[in-house]
Every structure is written in C-alpha cells, then in structure tokens.
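Number of protein chains: 2
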Amino acid sequence: MAANSRLTIAVHILTWLALAHRRGTELLTSDQVAASVNTNPVIIRRSLGDLRRAGLVTVRHGAGAGWSLARAPEEIVLLDVYDAVEREPLFGMHHTEPNLECPVGKGIRPALGDVYGRAELALRTELGRTSVADVLSETLLVN
Amino acid sequence: MAANSRLTIAVHILTWLALAHRRGTELLTSDQVAASVNTNPVIIRRSLGDLRRAGLVTVRHGAGAGWSLARAPEEIVLLDVYDAVEREPLFGMHHTEPNLECPVGKGIRPALGDVYGRAELALRTELGRTSVADVLSETLLVN
DNA sequence: CCTTGCTGTAATAGAGGCTGTTACAGCAGA
DNA sequence: TCTGCTGTAACAGCCTCTATTACAGCAAGG
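One line per chain: the protein sequences are W and A, in this order.
Each number in our numbering corresponds to the 1-based position in the first sequence with 303 added.
Each number in our numbering corresponds to the 1-based position in the second sequence with 303 added.
Structure below.
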C-alpha cells in the first residue's frame, strides 16, 4: 500500500505557520496554506482540524479568519503531530482469527503485540526528538 | 488506512515452520500453514514466495512437496521478515510536488526525508532485536 | 513414463482508505 | 447586514489489501 501523506501534510502546514509567524504574519487561511502545499484547501482544513483537536493550532472565525500555532514551534515535536493525524497501529494483526487449536495460532497475537509495541515505541521516541522548529531550520538550509 | 497484515502473516508462517521442525516435521504445505493462519492457501503461497525470494525459506516441488526454514529460527530476525514483505516507506511524501516558490515548499522534502530516515532506522533497529525463535518461545508461553 | 499432489501465478471481486472536488451552512468581525 | 473564511457532508476516482477460483508447471515415486 502506498503510505499515506498525512504526517507530511501536517508538518508542512505547521512549518509554514511557524515561518509566517516569524515573518510577522499572525494568521494564514487554508487557501494560503494550500498554495504552499499545492493541494485543495479542503485537504488542508481537514488536517488543520486534526491539529486543532490536538491543541497544536488555534483558529479564528469570521471576517479576517485564519490559523496560527497554539505553541512555540520549539514546543511541538513530530510525535505530537503523529498522534494528531495517525489513527492506525503500524502493523495490522490477522484479518480473521487464527486457528486457536494450533499452538502458534493461539499464542502468536500477544507475542506479536509485544514486539510491535516495542517497535512502535522506538519509532515514537525518535519522532519525539525533532520539533517543528528543527524542521523549519533544516528546511531553510536549502534556500 | 487499516495497516496491512503482511508482517503478521509472514511471522506466523515462519513461527509455525519453526515449531513443526522442532517437532520433527520437516515440510509443511501451504494448505497446512493456511489451516493455522485461518486464511486461503494462496495468501500463504504469496507470502511464502516473498520469504523464498528473501532466502528465508526453501521449497520442495513435485509429489511430497512443502516448505521449510532456510536458516535456524535464531538466525531470522523480524527485520529480515519486514524487508521481505514490506515495500513502501513508512511515511508518504506529498502526492503533488509542493510549491517550489515557497521556501517551505522548496525545502521541506529533504528535511522530512532526514527525519523519516531516522525514524525508520529506529524501527528497523528494534525489529532486528527479535528473532523467530524469540517469537516462538513467547508464543508457547500462552499454551 | 505417467500419475499425483503441490507450487506459482493470473484474473477477478469486494471492501475500504486516501486524495481531490464541489457545495453549502455557520460563524464572527467590520 | 455584509463579507470572507471555516467546518463538513457528499461524491468520484484511484489504489491496495484480502480472498477466491482456476489452471499450468514441476518433480517424486511408482
């Protein structure tokens, strides 16, 4: 399966909000963000909704509406973003229950659950080491 | 998206082959494995094909055909299995190229590539710490 | 050499997720 | 009240995954 791009889109949004804030622009509309990501504004609004529910961005309604970061970019790590936009575990279990009369079928799911848990923890720990501010710094190196 | 179960199926197969070998059964057919996993034998044969191409199992053709492990279960780690059955990177990049006239659009992909690379490495390192023999031991604890 | 049983793979179908798009009600600042 | 943007539903197209049927190919053993 082609991996989804939700984390990429969300980090792109947050990085762009961080840069805009640094440049003195407090609010960005979903249209403005969509112009940088190069996709439809509804895609951006859906992602911003996830980020808002996670407390990472705030929205202002009415005329002159727009979005801004809810915390300093140094205080938002990619693990926060991952939790905001990803719902599925990394590895799926069997679609149908394995044969419980086979010793392997009976015991494999808890055994795999342990291994998968350790693997996800390693991934999460690494994602917790990079902030949106870090991504912004590295992004600007290319320019 | 619901995560796929390819790694789960493949590890189940290998664990079952390891247990059968320990019990003195040298060869298992895809039908026998399918009975434990509780799925269609073609699903099993497809997974076994991946594992064969990766050098983790060997197949015997003709009458009395079947499958066996190509290495000791202690010598097969879940990272080997992961590489045998997973083709896609963990995180997808933008579907459409971001706006290169925006500093974020221009620089974000290499920046994200670095972060994603570190995260995948952490995951792979952890998957390299568990062998099929380990999974078999933990599986049999339940029985 | 031929029967037999299993492999290897193509073709197909259903289910579901992701992206992209249109449409529109709701909200709040001016 | 006007205006511009948000929030979300609805839908389409595409793709992947699982499952299933069908069948050609292969080799061991008689």
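Even for Gly, the Cβ is constructed at its ideal location relative to N, Cα and C.
Being a predicted model, the structure only gives us computed values, none of them experimental.
Which whole-angstrom value describes the C-beta separation of A/E389 and A/L310, a residue pair presumed to lie in contact below a C-beta threshold of 8 Å? If you number the second sequence from 1, residue 389 of chain A lands on position 86. If you number the second sequence from 1, residue 310 of chain A lands on position 7. Rounded, the Cβ-Cβ distance is 7 Å, consistent with contact.
Quick check: the Cα distance between A/G431 and W/G416, rounded to an integer number of angstroms? To locate residue 431 of chain A, count along the second sequence from 1; it is residue 128. To locate residue 416 of chain W, count along the first sequence from 1; it is residue 113. Our two residues, A/G431 and W/G416, have alpha carbons roughly 16 Å apart in a direct line.
Taking 8 Å as the cut-off, does the region 414-429 of chain W touch the region 359-367 of chain W (at least 3 CB pairs, one atom from each stretch)? Taking a contact to require three or more Cβ pairs closer than 8 Å, the region 359-367 of chain W and the region 414-429 of chain W do not qualify as touching.
Would you say W/V407 reaches chain A, if we count a Cβ-Cβ gap shorter than 7 Å as a contact? Reading the first sequence from its first residue, position 104 is the one you call residue 407 of chain W. So, interface residue.
Suppose contacts are defined by Cβ-Cβ distances below 7 Å. Is A/H315 in contact with A/V340 by that definition? Residue mapping note: residue 315 of chain A aligns to position 12 of the second sequence, counting from 1. Residue mapping note: residue 340 of chain A aligns to position 37 of the second sequence, counting from 1. Yes; because the gap between Cβ atoms is below 7 Å, this pair is in contact.
A/R427 bridges to which residues according to DSSP? The sequence position of residue 427 of chain A within the second sequence is 124, counting from 1. The partner list for A/R427 (beta bridge, DSSP) is empty, contrary to what the question assumes.
Enumerated in chain order, which unbroken segments of the alpha helix (DSSP H) with a length of 4 residues or greater are wholly contained in the region 342-388 of chain A? Restricted to the region 342-388 of chain A, the alpha helix (DSSP H) segments that are unbroken, complete and at least 4 residues in length are 344-356, 381-388, listed in chain order.
Could you check how far apart the C-beta atoms of A/V435 and W/P413 are, in whole angstroms? I think they sit under 8 Å. As a working mapping, residue 435 of chain A is identified with position 132 in the second sequence. As a working mapping, residue 413 of chain W is identified with position 110 in the first sequence. Contact check for A/V435 and W/P413: beta-carbon distance about 16 Å, past the 8 Å limit, so the pair fails to qualify.
C-alpha gap between A/T342 and W/A357, whole angstroms: On the second sequence, residue 342 of chain A is found 39 positions in, with the first residue counted as 1. On the first sequence, residue 357 of chain W is found 54 positions in, with the first residue counted as 1. Near 39 Å, if we compare the C-alpha coordinates of W/A357 and A/T342.
Taking buried to mean at least 16 other C-beta atoms within 10 Å of its own C-beta, is A/P406 buried or exposed? Here the question's residue 406 of chain A lines up with position 103 in the second sequence. That one is buried.
Which class does A/S434 belong to by DSSP, given the choice of helix, strand or coil? Within the second sequence, residue 434 of chain A is the residue found at index 131, counting from 1. A/S434: strand per DSSP, three-state reduction.
Min CB distance W/S308 to chain A below 7 Å: Here the question's residue 308 of chain W lines up with position 5 in the first sequence. By the rule that beta-carbons nearer than 7 Å mark a contact, W/S308 touches chain A.
Sequence-distant residues of the same chain with beta carbon closer than 6 Å to A/A337, five excluded per side: For the purposes of this step, residue 337 of chain A is identified with residue 34 of the second sequence, where counting begins at 1. These residues qualify, in order along the chain: P344, I347.
Given a threshold of 16 other Cβ atoms within 10 Å of its Cβ, counted over all protein chains shown, does A/E441 qualify as buried or as exposed? Numbered from its first residue, the second sequence carries residue 441 of chain A at position 138. Counting Cβ neighbours within 10 Å, A/E441 comes out buried, since at least 16 surround it.
Examine the Cβ distances between the region 363-380 of chain W and the region 387-403 of chain A and report whether three or more of them are shorter than 8 Å. Below 8 Å, too few C-beta pairs join the region 363-380 of chain W and the region 387-403 of chain A to call them touching: fewer than three.
Considering only residues of the same chain and omitting the five flanking positions on each side of W/T433, which have a CB-CB separation below 6 Å? For the purposes of this step, residue 433 of chain W is taken as the residue at position 130 of the first sequence. Within the same chain, and ignoring the five residues on either side of W/T433 in sequence, the residues whose Cβ sits closer than 6 Å to its Cβ are L381.
So that I know if they touch, is there some Cβ in chain A lying closer than 7 Å to that of W/I316? Within the first sequence, residue 316 of chain W is the residue found at index 13, counting from 1. Not an interface residue.
Note down, in chain order, each residue of its chain lying with its Cβ closer than 7 Å to the Cβ of W/L322, except the 5 sequence neighbours on either side. As a position in the first sequence, residue 322 of chain W is number 19, starting the count at 1. Hits under 7 Å: L439.
A/A422 vs W/F394 beta-carbon contact at 7 Å: Walking along the second sequence from the start, residue 422 of chain A turns up at place 119. Walking along the first sequence from the start, residue 394 of chain W turns up at place 91. No, these two residues do not count as a Cβ contact at 7 Å.
Just curious, the alpha helix (DSSP H) that A/T311 is in, first and last residue? On the second sequence, residue 311 of chain A is found 8 positions in, with the first residue counted as 1. Counting along the chain, A/T311 sits inside the alpha helix (DSSP H) bounded by residues 309-325.
Got a sec, what are the start and stop residues for the alpha helix (DSSP H) W/V340 sits in? What you label residue 340 of chain W is simply residue 37 of the first sequence in a count that begins at 1. W/V340: member of the alpha helix (DSSP H) spanning 333-340, first to last residue.
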